[in-house]
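Visitor: Take 1 as the starting number for the sequence shown in my numbering and just add one per residue.
Sharing a structure, written as structure tokens. Questions coming.
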Amino acid sequence: MVPRPRSQGSKDLPPNLYRKTDRRNGITYYTYRDPVSGRVFGLGKDKDTAIREAVAANHAEILRPTLAVRLAEPLIERGKTFAEWLVQYKADYAEKELSIHTMRNFKSRIARLEAQFGPMPVRNIRTMDVAAFLTGLAKEGKANMSKALRSLLRDVFTEAIAAGLCDANPVDATKAARAKVTRERLSLELWQAIYETTDRTWLKRAMELALLTGQRRDDIRAMLFKDERDGYLHVVQSKTGARLRISSALRLEAIDLDLATVIKRCRDRALSQHLVHHSKPNARVKAGYPVKLETLTRLFAIVRDQAAAAYGIPLSDHPPSFHEMRSLSARLHAAEGRDPQKLLGHRSAAMTDLYRDSRGTEWIDVA
């Protein structure tokens, strides 16, 4: 492009130097315009000084690489920061059909990762950075959190590699923290004590359903009367999406109950769609309303402690929660000759084996 002709008032000045007269006070100022960046620099009122600085700047400009040379140079980019990449990762993750509980955990964990690595460019995050972060959590006694964040972080970088943001996964070379299982298993003896202690009908029904079907508390709460048809109770697990048809004839001799009987017991005078529901109204809910998960967990823990004290059953510092009925169910069905893997909805036998592990709470019979 042919440069614009210089104005008459600037012809006595070197290239890129300009004068400007303020009409209000008649003072002339000089400015220099960088021909590459377009930035304008004020050089004051002294003409000779401005000329010397402009000549020096023009000389430095001559020494710069030509535009052709600069275009031929490889472009070195900082790349996206971890926080910038998470915007896309979270959007992709949100498209998956996941339970509310899973999404809540995801948001909490991803926020923690963003706080740690957010400003860093994705390709600059090293194994040392990741290892220091995960090891720090483990030393704080948060081994389970360290394992969960390692798994999520590994997937974040796997997707980043696929998007071309980095070439290697810095998480691969790290070691997962060893998390010691501290929660105590629920024994049949304690289950029976809790069952006899509670005066809440809906808690008894929830406990019966949990032990017979081996389902999670979310799925127990979601069970509807219409889900029983053609001799089966139909369950779509909220966590995994597994679709189960559990025979209503399913029976546990250990508690002398079958599923069909328990479903019949769930029917009472309260009109409700839910198997587990409030039979009587109170200040907060009406009769027939489903029981909240927090209420289910809290009341089970209260009655558990009462039952343990009343029946003289010792509890550890980490007593069994409502979820431990899933493990007890697996062990009882296995003891009666049934394979609990399909009942629990596990894809692998290894996962079922974890639930069948009594963690030393049961006696081993030796013939």
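Glycine is no exception: its CB is placed at the ideal position from the N, C-alpha and C atoms.
Because the structure is a prediction, the values reported are computed rather than measured.
Take every Cβ of the segment 119-132, pair it with every Cβ of the segment 250-269, and state whether three or more of those distances are shorter than 8 Å.
Guide: Flag = no, the segment 119-132 and the segment 250-269 do not touch.
Visitor: Excluding the 5 residues flanking GLU253 on each side, which residues of the same chain have their C-beta closer than 7 Å to its C-beta?
Guide: For this step, residue 253 is matched to residue 253 along the sequence shown. Correct list, in chain order: GLU336.
Visitor: Using 10 angstroms around the beta-carbon of PRO281, count the other beta-carbons present and answer buried if the total reaches 16, otherwise exposed.
Guide: The residue you call residue 281 lines up with position 281 of the sequence shown. By the neighbour-count rule (16 or more Cβ atoms within 10 Å), PRO281 is not buried but exposed.
Visitor: Would you give the residue range spanned by the beta strand (DSSP E) that LYS20 belongs to?
Guide: The residue given as residue 20 occupies position 20 in the sequence shown. LYS20 -> beta strand (DSSP E) spans 17-21.
Visitor: Does the distance between the C-beta of THR31 and the nearest non-hydrogen atom of the ligand COA fall short of 6 Å?
Guide: The ligand COA is absent from the structure shown, which contains no ligand whatsoever.
Visitor: I need the straight-line Cα distance from SER108 to ASN58, nearest angstrom please.
Guide: Walking along the sequence shown from the start, residue 108 turns up at place 108. Walking along the sequence shown from the start, residue 58 turns up at place 58. SER108 and ASN58: Cα-Cα distance of roughly 56 Å.
Visitor: Within the chosen definition, does the segment 166-185 reach the segment 129-147 through at least 3 CB pairs nearer than 8 Å?
Guide: Enough Cβ pairs lie closer than 8 Å, so yes.
Visitor: Where do the N-terminal and C-terminal ends of the beta strand (DSSP E) with GLY136 fall, by residue?
Guide: Counted from its first residue, the sequence shown places residue 136 at position 136. Premise fails: GLY136 lies in the alpha helix (DSSP H), 127-139, not in any beta strand (DSSP E).
Visitor: Counting Cβ pairs closer than 8 Å, one from the segment 158-172 and one from the segment 241-249, do we hit at least three?
Guide: Result no; under three Cβ-Cβ pairs closer than 8 Å.
Visitor: Would you kindly check if the distance between the Cβ of ARG39 and the Cβ of THR28 is under 7 Å?
Guide: Taking the sequence shown and counting its residues from 1, one reaches residue 28 at position 28. Taking the sequence shown and counting its residues from 1, one reaches residue 39 at position 39. No, these two residues do not count as a Cβ contact at 7 Å.
Visitor: For the candidate residues THR21, GLN192, LYS226, ALA222, whose alpha-carbon lies nearest to that of LEU211?
Guide: In the sequence shown, residue 211 corresponds to position 211, counting from 1. The option with the nearest alpha carbon to LEU211 is GLN192.
Visitor: Return the first residue and the last residue of the alpha helix (DSSP H) that SER146 is part of.
Guide: As a working note, residue 146 is residue 146 in the sequence shown. 143-162 is the extent of the alpha helix (DSSP H) around SER146.
Visitor: Where does the unbroken beta strand (DSSP E) through ARG245 begin, and where does it stop?
Guide: Here residue 245 refers to the residue found at position 245 of the sequence shown. First-last of the beta strand (DSSP E) with ARG245: 243-247.
Visitor: On a CA-only basis, which of PRO320, ALA54, THR49 is nearest PRO14? Give me that one, please.
Guide: In the sequence shown, counting from the first residue as 1, residue 14 sits at position 14. That would be ALA54, whose Cα lies nearest to the Cα of PRO14.
Visitor: With DSSP run on the structure shown, which of helix, strand or coil describes PRO340?
Guide: As a working note, residue 340 is residue 340 in the sequence shown. Of the three classes helix, strand and coil, the one that applies to PRO340 here is helix, per DSSP.
Visitor: With DSSP as the reference, label TYR30 as helix, strand or coil.
Guide: By 1-based counting over the sequence shown, the position of residue 30 is 30. In this structure, TYR30 counts as strand in the three-state DSSP scheme.
Visitor: Have a look at ILE51 and ASP34 and give me their C-alpha separation to the nearest angstrom.
Guide: Within the sequence shown, the letter at position 51 stands for residue 51. Within the sequence shown, the letter at position 34 stands for residue 34. Those two C-alpha atoms are separated by around 14 Å.
Visitor: Where does LEU315 sit, in a helix, a strand or coil, going by DSSP?
Guide: Residue 315 sits at position 315 when you count from the first residue of the sequence shown. The answer is coil: DSSP assigns LEU315 none of H, G, I, E or B.
Visitor: State whether the segment 189-204 contacts the segment 149-157, with contact taken as three or more CB pairs (one from each stretch) at a distance under 8 Å.
Guide: No contact exists between the segment 189-204 and the segment 149-157.
Visitor: By the three-class DSSP mapping on this structure, what secondary structure does TYR232 have?
Guide: For the purposes of this step, residue 232 is taken as residue 232 along the sequence shown, with counting starting at 1. TYR232 falls in the strand class under three-state DSSP.
Visitor: Can you pull the DSSP bridge partners for THR258?
Guide: Counted from its first residue, the sequence shown places residue 258 at position 258. Per the sequence shown, the amino acid found at residue 258 is Asp instead of Thr. According to DSSP, which records beta bridges pairwise, ASP258 is partnered with ARG251.
Visitor: To the nearest angstrom, report how far apart TYR89 and ALA143 are at their CA atoms.
Guide: In the sequence shown, counting from the first residue as 1, residue 89 sits at position 89. In the sequence shown, counting from the first residue as 1, residue 143 sits at position 143. Spanning the two alpha carbons is a distance of roughly 25 Å.
Visitor: Of all the options ASP258, ARG183, MET207, PHE322, which has the alpha carbon lying nearest to the alpha carbon of ALA301?
Guide: Within the sequence shown, residue 301 is the residue found at index 301, counting from 1. That would be PHE322, whose Cα lies nearest to the Cα of ALA301.
Visitor: Secondary structure at LEU67, three-state DSSP: helix, strand or coil?
Guide: Working through the sequence shown from its first residue, we reach residue 67 at position 67. Caution applies to LEU67, whose pLDDT of 49 falls short of 50 and renders its modelled position unreliable; the model cannot decide the point.
Visitor: At the level of alpha carbons, what is the spacing between LYS222 and GLU140?
Guide: For the purposes of this step, residue 222 is taken as the residue at position 222 of the sequence shown. For the purposes of this step, residue 140 is taken as the residue at position 140 of the sequence shown. Going by the sequence as given, residue 222 is Ala instead of Lys. One C-alpha to the other measures close to 37 Å.
Visitor: Put VAL55 into one of helix, strand or coil per three-state DSSP.
Guide: Start at 1 with the first residue of the sequence shown, and residue 55 comes out as number 55. Helix.
Visitor: Write down the C-beta distance between HIS278 and TRP202 rounded to the nearest angstrom, noting that I regard them as a contact closer than 8 Å.
Guide: Taking the sequence shown and counting its residues from 1, one reaches residue 278 at position 278. Taking the sequence shown and counting its residues from 1, one reaches residue 202 at position 202. Going by Cβ atoms, the distance from HIS278 to TRP202 rounds to 6 Å, so yes, they are a contact pair.
Visitor: So, with DSSP's three-state summary, where would you put THR81?
Guide: One-based indexing of the sequence shown puts residue 81 at position 81. Residue state, collapsed to three classes: strand.
Visitor: Taking the continuous beta strand (DSSP E) assigned at PHE41, which residues delimit it?
Guide: What you label residue 41 is simply residue 41 of the sequence shown in a count that begins at 1. 40-42 is the span of the beta strand (DSSP E), which, as asked, contains PHE41.
Visitor: My output table needs one value for HIS278: the three-state DSSP class, helix, strand or coil.
Guide: For the purposes of this step, residue 278 is identified with residue 278 of the sequence shown, where counting begins at 1. DSSP places HIS278 in coil when its eight states are reduced to three.
Visitor: Would you list the residues sitting across from LEU224 in a DSSP beta bridge?
Guide: The residue labelled residue 224 in the question sits at position 224 within the sequence shown. For LEU224, which the question treats as bridged, DSSP gives the partners HIS274.
Visitor: By DSSP's criteria, PRO121 is part of a beta bridge. Which residues make up the other side?
Guide: Here residue 121 refers to the residue found at position 121 of the sequence shown. Answer by DSSP bridge pairing, in chain order: THR81.
Visitor: Could you give the C-beta distance for LEU377 and LEU293, rounded to a whole number, given that I count them as a contact under 8 Å?
Guide: As shown, the chain starts at 1 and ends at 367. That puts residue 377 outside it, with no answer to give.
Visitor: Does the Cβ of GLU95 have 16 or more other Cβ atoms within 10 Å, making it buried, or fewer, making it exposed?
Guide: Taking the first residue of the sequence shown as position 1, residue 95 is located at position 95. Exposed: under 16 other Cβ atoms inside 10 Å.
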